[in-house]
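Residue numbers for the sequence shown follow my numbering, so the first one is 17 and each next one is one higher. A virtual CB, placed ideally from N, CA and C, is assigned to each residue, including glycine.
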Amino acid sequence: MPSAVIKRSVVIDGHKTSVTLEDPFWTGLKEIAQNSNLTLSSLVGQVEATRVDANLSSALRMFVFQHFRREQSANL
């Protein structure tokens with residue numbers, strides 16, 4: 017059975033790095049980038065620049081979760 021977590025490469029400020037995310041988080045991240053008129057790399061770069069203690073993959077999961085949670089709250 018294939019892993020639900022997939023390692024992907026992304027370029028941040030000209031530097032290639034890998035993130036390990038489940039498909040729903042990756043899809044959410046791409047949707048946020050598109051709706052914000054940002055490239056995926058620039059959005060990941062913004063998350064990278066503001067993360068505190070978490071690794072990048074965890075920070076991206078939290079970013080996607082919080083984004084859609086705020087969006088849902090705004091629509092209530």
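| task | Starting from Ser-58, follow the alpha helix (DSSP H) in both directions and report where the run begins and ends. | result | 56-66
| By a C-beta neighbour count over all protein chains shown, 10 Å radius and 16 as the cutoff for buried, is Val-21 buried or exposed? | exposed
| field | Option nearest Val-27 by Cα separation, candidates Leu-56, Ala-65, Asn-91, Val-68 | value | Nearest Cα to Val-27 within the set Leu-56, Ala-65, Asn-91, Val-68: Leu-56.
| message | Taking only three categories from DSSP, how would you classify Ser-34? | response | Correct three-state label for Ser-34: strand.
| message | For Arg-24 and Val-35, I'd like the C-alpha separation in whole angstroms. | response | Taking the straight line joining both Cα atoms gives about 5 Å.
| said: Nearest by alpha-carbon distance to Ala-75: which of Lys-32, His-31, Trp-42 is it? | reply: Considering only alpha carbons, the answer is Trp-42.
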